[in-house]
Amino acid sequence: MSPKKILAVTLGGTEYPSSNFRLRQYYPLLEQNGYEVTEFNSKRVSIPNYPNIIGVRGLLRRVGYKNINKKYYLNKFKKQVEQADIIWVNKLLRDTELINIVKASGKVLVVDFDDAEWLSSTYLFNKTLEIATQAIAGNNYLANYARTQYKLETEIIPTTIDVKSYPKQKKHINDDKFIIGWLGSHFTNEYLLLIQKPLNEFLENTKSEFHIISSKHDFLKEHFPKNTKIINWDESTFIDEVANFNIGLMPLPNEEWVKGKCSFKMLQYMAAHVPVVVSPLGMNNEILEQTNCGFGANSAKEWSDSFYKFYENKNLQLEAGNAGRKLIEKEFDLISNFQKLKNIFDKFNV
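Per our numbering, residue -17 is the first one in the sequence shown, and the count goes up by one each step.
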């Protein structure tokens, strides 16, 4: 019996955390369980390099490079859809022509989303859900949208952590410095500006450092000039860097779309036994209510007070860090949540 073939449609390369953690980290497990996974990167990329032959560049100028590129992109997608049994999309199909190709194919479409995409990419997201067979949502708020607006069968699967990749125990807490950490991306770096004042005051008045692990972060240097170390995000090293944090931060603006956030930054800190200080909004607050993994902070004073509580109490750091890790192992582990994903794909007779 030939394996079921899944076409995973990602947002782009490894710079897209959602594609990494909601799709890519499941590929090996799916393949171990009899599935064949092929990926289509939906970020428009250039056609393969042409050899430097006389006349080729002129031809491209006359025909129009963009038109050739788009045709190549769409033809590649159509061919991969035809070869697949199940189309598994991260967030949305980012082009109406991609939507039309999937619709015409009649293939099973599973849409996995971890943000309130209807607030930012309304048309394409809703059109994607219109033709979906099944939805997978990162939290209750997101699932409710798919269920009520499109009557879709929807499974909640949180953004999961490969727990075995994180240290089993907290490393020794250093006496010489207190590290406040941020694990982000160029999509989220700006949220740090929400706590610029209390964080800079804390760095000025204590024996502490601020470690930023992210990409495209140069603009942050001027906002956090003292005792700040900026580290380029690297897949092979970021877990070790996070494990060095004394506390991890996740500030968010109090806006509607935040209800759709799946708290993944917070979960990554917790997996590394790192206590958290976060904006108590949406899923962040739900996690804080489940376990004593840290503090929620709304005002500048609450952020500052939370920093000092952990700074002055090593035992509190250890207790909160261990509590967070236990919740990750119980509710957010990759292996235990994989079975939910497998059950979804298994039920389709294709």
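Backbone N, C-alpha and C fix where the C-beta goes; we use that ideal spot for every residue, glycine too.
Taken in chain order, the whole beta strand (DSSP E) runs of length 3 or more contained in the region 176 to 255 are 190 to 196, 210 to 214, 229 to 232. 8 Å or more divides the Cβ of G163 from the Cβ of V260. Counting other Cβ atoms within 10 Å of its Cβ, I195 reaches 16 or more and is therefore classed as buried. Positions of the beta strand (DSSP E) runs, each at least 3 residues long and wholly inside the region 248 to 313, are given as 258 to 260, 276 to 278 in order along the chain. When rounded, the separation of the alpha-carbon atoms in F192 and I221 is 16 Å. The Cβ atoms of F314 and L249 sit closer than 8 Å to each other.
Per the coordinates, the alpha-carbon of E135 lies some 23 Å from the alpha-carbon of V19. With contacts defined by Cβ atoms closer than 8 Å, F107 and I83 do not form a contacting pair. Between K296 and I155, the C-beta spacing is below 8 Å. Relative to the Cα of E137, the nearest Cα in the group Y123, K61, K146, P149 belongs to Y123.
Here the region 59 to 78 makes contact with the region 96 to 110; the two share three or more CB pairs at distances below 8 Å. In the DSSP assignment, A119 falls within the unbroken beta strand (DSSP E) covering 116 to 119. For A253, the CB contacts under 7 Å within the same chain, skipping 5 residues up- and downstream, are I143, V145, Y148, R307, I310 in chain order. Judged by pairs of C-beta atoms under 8 Å, the region 195 to 211 touches the region 159 to 178, as three or more such pairs exist.
Secondary structure of Y148 (DSSP, three-state): coil. Nearest to T78 by alpha-carbon distance, out of W70, K324, S103, D96, is S103.
Distance check between S87 and each of Q116, N214, D97, V63 places V63 closest, using alpha-carbon atoms only. Looking from the CA of S(-16), the closest CA among N2, Y9, E13, L(-7) belongs to E13.
Looking only at V92, Y105, E99, F184, the smallest Cα-Cα distance to A282 is reached by F184. With respect to the C-alpha of E238, the residue from M265, K247, E217 having the closest C-alpha is M265.
Cα atoms of A66 and P140: separation of roughly 26 Å, rounded to the nearest angstrom.
For V93, the enclosing beta strand (DSSP E) has its first and last residue at 90 to 95.
For N2, the three-state secondary structure derived from DSSP is helix.
DSSP places I326 in the helix class (H, G or I) of the three-state scheme.
Around the beta carbon of V93, 16 or more other beta carbons lie within 10 angstroms, which makes this residue buried.
For V84, the enclosing alpha helix (DSSP H) has its first and last residue at 78 to 87. D328 is classed as exposed because its beta carbon has fewer than 16 other beta carbons within 10 Å across all chains shown. P257 is classed as buried because its beta carbon has at least 16 other beta carbons within 10 Å across all chains shown. A distance below 8 Å separates the beta carbons of S286 and P180. Leaving aside the five residues that flank K(-14) on each side, the residues in its chain whose CB is nearer than 6 Å to its CB run, in chain order, Y17, D67.
When the alpha-carbon of T(-8) is set against those of F22, Y8, F3, the nearest one is in F22. When beta bridges are read from the DSSP output, N23 appears opposite T(-8). The beta-carbon separation of K152 and L300, rounded to 6 Å, stays under the 8 Å limit for a contact. Around H255, the same chain offers K152, G303, R307 as residues with beta carbons nearer than 6 Å, after the five sequence neighbours per side are excluded.
Its chain contains N171, I212 as the residues whose beta carbon lies nearer than 6 Å to that of H199, once the 5 sequence neighbours on both sides are disregarded; these appear in chain order. The beta carbon of N15 lies closer than 8 Å to those of K324 in the same chain, with the five residues before and after it left out.
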